[in-house]
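Here the structure is laid out as structure tokens; the discussion comes afterwards.
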Amino acid sequence: MVAINKSLIIFLLVFTSSLVLAQDNFSSQAKIDYKKRVLEKTEIDMLSSFYTQDGDNAAVTGGIGTEQLNDFAQNIKIMIPLNDDDVLSIDATISAYTSASSSNLNPFSGASTNEEDDDDEDDDKSNYQGTIGSPWIESSGASKQDVWSSINLAYSHSSNDRNNIWSINFNLANEYDYSSLGFGSSFAKLFNEQNTELSLKANVFLDKWRPKYPTEISEYVKNEGDLSIGFFAGIDILNQSGEVTSPNKNWSPVSNSLIDDKGRNSYSLSFSFSQILTTNAQVSIFADLIMQSGWLANPMQRVYFADRDNYFIGNPEAISIYTSKTNKEVFQLADDIERLPQKRLKTPLGLRFNYYLNEYFVLRHYYRYYHDDWGMDSHTAELEIPIKINQTLTLYPSYRFYKQTKIDYFNAYEENLSTSEFYTSDNDLSDFNSSQLGFGIQYTDIFSENKIWNLGLKNISLSYSYGKRNTGLYYHIISLGTKFNLNRRN
9 MVAINKSLII FLLVFTSSLV LAQDNFSSQA KIDYKKRVLE KTEIDMLSSF
59 YTQDGDNAAV TGGIGTEQLN DFAQNIKIMI PLNDDDVLSI DATISAYTSA
109 SSSNLNPFSG ASTNEEDDDD EDDDKSNYQG TIGSPWIESS GASKQDVWSS
159 INLAYSHSSN DRNNIWSINF NLANEYDYSS LGFGSSFAKL FNEQNTELSL
209 KANVFLDKWR PKYPTEISEY VKNEGDLSIG FFAGIDILNQ SGEVTSPNKN
259 WSPVSNSLID DKGRNSYSLS FSFSQILTTN AQVSIFADLI MQSGWLANPM
309 QRVYFADRDN YFIGNPEAIS IYTSKTNKEV FQLADDIERL PQKRLKTPLG
359 LRFNYYLNEY FVLRHYYRYY HDDWGMDSHT AELEIPIKIN QTLTLYPSYR
409 FYKQTKIDYF NAYEENLSTS EFYTSDNDLS DFNSSQLGFG IQYTDIFSEN
459 KIWNLGLKNI SLSYSYGKRN TGLYYHIISL GTKFNLNRRN
């Protein structure tokens with residue numbers, strides 16, 4: 009009996025230990041099995057946008073001329089949970105644009121006196137039958153329209169406690185005159201019960217020019233300065249007085265050298281710090297260090313010099329009104345293409361501050377200061393006030409102000425000097441300020457009850473922005489965004 013009791017006791021001890029051990033293992037496994045996933049379902053974000061602008065300071069035509077541009081872009085981003093901790097992102101964009109200024113890379117292609125005038129009076133049209141072009145009229149050249157495409161692949165991994173996030177990314181982009189290869193990585197660390205976050209990112213972009221030049225310059229270099237053959241054969245070149253130059257060899261660009269090194273590389277290092285200050289306030293600080301090297305100028309962009317004589321192709325009677333929009337029949341031959349230093353160091357610093365006022369209003373503040381070693385300084389300030397109408401509908405009014413100084417190498421049309429080493433008339437590098445007013449509306453479906461095929465709608469938004477520079481350029485942006493969950497079939 010004693011032996012049976014001992015055996016029973018030993019059995020009960022072993023059985024109880026096994027139960028305790030099994031329970032511990034089950035609890036540990038349960039923590040793993042029921043660990044909150046970084047991303048519960050595959051998400052699909054789609055953004056469609058239309059951008060249009062107009063102005064009078066086109067860089068392709070040396071700082072004057074139409075800046076009319078229309079761009080339609082479609083972006084799709086797919087985020088796929090690979091497991092509890094890992095997410096794969098695929099981000100693709102296609103942007104198709106038509107540009108009146110870019111079309112004037114060859115202003116003599118398809119140019120005609122039959123363009124629409126401000127009215128229908130016959131006396132607004134000239135009887136001139138020669139080759140014409142104008143910085144104010146778009147031509148039908150190959151550079152008139154283009155498609156920019158980009159794809160970015162990213163993989164991120166989160167630690168079990170979700171306090172460490174690693175990621176890597178790979179990017180490809182292509183356009184009419186360049187291609188780009190990019191790659192990078194990032195690391196984020198969360199502290200203080202995830203109320204504090206530090207992150208570090210590094211990226212490299214290796215771009216390659218397939219340079220396109222103003223027609224007159226590329227033809228001059230190709231024909232070794234002979235103005236009697238190729239594009240120039242049979243075309244009169246006019247001086248400032250409208251007289252045909254003889255022996256037609258007075259015009260020449262300042263330099264016969266084009267791009268030798270077609271590389272344009274960018275290296276960036278980014279740091280950010282985010283802190284939840286109170287239940288109502290959050291602040292973020294970020295800093296970037298960006299170094300660029302290679303051919304940083306745009307070979308499509310013309311420059312005209314104050315210390316060089318002017319030469320034209322077209323109707324001599326239109327030379328006197330060359331800088332007026334009424335000029336539709338004469339084009340000035342370039343003195344050179346844009347030339348800029350082959351190194352540039354950029355240092356942006358920024359701050360975000362979000363404050364939750366109440367269940368209806370949130371204040372989102374943003375400020376950025378920018379400086380580079382080309383002499384540019386800029387300030388950006390933005391305020392967005394999301395207004396929550398109810399559980400599903402939110403309004404987003406916003407205002408943005410921007411101001412910058414010109415780089416050391418910028419001068420307006422006909423104000424650069426040929427004795428300078430570097431020069432540009434690109435107004436994007438000039439001294440200007442701009443304001444942008446925006447408004448958006450977003451519908452949120454918390455439980456993704458609305459479905460399209462196998463997709464559950466999370467939210468849909470529509471926004472509009474209008475912006476204007478003090479230089480006269482103005483633009484409109486309309487965007488439509490949607491986010492879906494991919495609901496798998498049972």
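If you read the sequence shown in this note's numbering, its first letter stands for residue 9, the second for the next number, and so on.
Ideal placement from N, C-alpha and C gives every residue a C-beta, glycine not left out.
Only a predicted model underlies this, so the values are computations on that prediction, with no experimental measurement involved.
Quiz item: How many Å lie between Ser36 and Met384 at the Cα?
Solution: Any reading at Ser36 must be qualified, since the residue scores a pLDDT of 40, below 50, and its modelled position is unreliable; the value itself is stated next. Distance between the alpha carbons of Ser36 and Met384 is about 57 Å.
Quiz item: With 16 other CB atoms within 10 Å as the buried threshold, where does Asp269 fall?
Solution: exposed
Self-check item: Per-residue burial, Leu425 [other beta carbons within 10 Å of its own, 16 or more giving buried]
Solution: exposed
Quiz item: What is the DSSP secondary structure of Lys354, counted as helix, strand or coil?
Solution: strand
Practice problem: Within the same chain, show all residues whose beta-carbon is closer than 6 Å to that of Ser487, passing over the 5 residues directly before and after it, in chain order. | Solution: So the qualifying residues of the chain are Ser57, Ser471.
Self-check item: Unbroken beta strand (DSSP E) run spanning Ala162, endpoints
Solution: 153-166
Quiz item: Count the other CB atoms within 10 Å of the CB of Trp461; is the residue buried (16 or more) or exposed (fewer)?
Solution: exposed
Quiz item: Over what stretch of residues does the beta strand (DSSP E) that includes Ala104 continue unbroken?
Solution: 94-107
Quiz item: Does the segment 321-330 come within contact of the segment 242-262, defined as at least 3 CB pairs closer than 8 Å?
Solution: yes
Quiz item: Run through DSSP, which three-state label would Val262 get?
Solution: coil
Quiz item: CB-CB under 7 Å to Phe279, same chain, minus the five flanking residues each way: which ones, in chain order?
Solution: So the qualifying residues of the chain are Leu208, Phe294, Ala295.
Quiz item: Going by the CB atoms, is the gap between Ser276 and Leu304 shorter than 8 Å?
Solution: no
Practice problem: Could I get the ranges of all uninterrupted beta strand (DSSP E) runs contained in the segment 404-471, with 3 residues as the minimum, in chain order? | Solution: 440-452
Exercise. Could you pull the start and end residues of the beta strand (DSSP E) that Thr334 belongs to?
Key: No beta strand (DSSP E) contains Thr334, which DSSP labels as neither H nor E.
Exercise. Whole angstroms is fine: what's the gap from Phe76's alpha carbon to Tyr59's?
Key: Reading off the sequence shown, one finds Gln at residue 76, where the question assumed Phe. Cα-Cα distance, rounded: 11 Å.
Quiz item: Which stretch, first to last residue, makes up the alpha helix (DSSP H) that contains Tyr228?
Solution: 223-230
Quiz item: Quick one: is Tyr377 buried, meaning 16 or more other Cβ sit within 10 Å of its Cβ, or exposed?
Solution: exposed
Quiz item: Under the three-state reduction of DSSP, which class applies to Ile86: helix, strand or coil?
Solution: Strand at Ile86.
Exercise. Leaving aside the five residues before and after Asp32 along the sequence, list all residues of the same chain whose C-beta is less than 7 Å from its C-beta, in chain order.
Key: Caution applies to Asp32, whose pLDDT of 44 falls short of 50 and renders its modelled position unreliable; the value that the coordinates give is listed next. Answer for Asp32: no residue qualifies.
Self-check item: Beta-carbon proximity list for Ser292, same chain, < 6 Å, skipping 5 on both sides
Solution: Ser282, Arg360
Quiz prompt | Ala326 (DSSP reduced to helix, strand or coil) | solution = helix
Quiz prompt | Among Asn211, Asn172, Asn203, Glu337, nearest to Phe195 - alpha-carbon criterion | solution = Closest in C-alpha terms to Phe195, from the list Asn211, Asn172, Asn203, Glu337, comes Asn172.
Practice problem: Could you tell me which residues DSSP puts in a beta bridge with Gly271? | Solution: Answer by DSSP bridge pairing, in chain order: Lys216.
Quiz prompt | C-alpha gap between Asn273 and Ser254, whole angstroms | solution = 45 Å
Quiz item: Can you tell me whether DSSP reads Phe240 as helix, strand or coil?
Solution: helix
Self-check item: Residue range of the beta strand (DSSP E) that includes Tyr186
Solution: Run containing Tyr186: 186-199, per the beta strand (DSSP E) assignment.
Quiz item: Contact check, Tyr375 vs Thr388 under 8 Å by CB: the rounded distance?
Solution: 7 Å
Practice problem: May I have the straight-line CA-CA distance separating Lys476 from Tyr482, to the nearest angstrom? | Solution: 4 Å
Exercise. Determine the DSSP secondary structure at Ser110, reduced to helix, strand or coil.
Key: helix
Self-check item: Three-way DSSP call (helix, strand, coil) for Phe80 in this model
Solution: strand
Quiz item: Roughly how many angstroms separate the alpha carbons of Asp380 and Asn467, rounded to a whole number?
Solution: 39 Å
Self-check item: Under the three-state DSSP convention, the category Met54 falls into
Solution: Met54 falls in the strand class under three-state DSSP.
Quiz prompt | One or two residues paired with Trp174 in a DSSP bridge | solution = His165, Phe195
Quiz item: What's the gap between the Cα of Leu90 and the Cα of Ala162?
Solution: 12 Å
Quiz item: Closest by CA to Leu494, which one among Thr50, Ala342, Lys44?
Solution: Thr50
Quiz item: From Gly250 to Leu437, what distance separates their C-alpha atoms?
Solution: 33 Å
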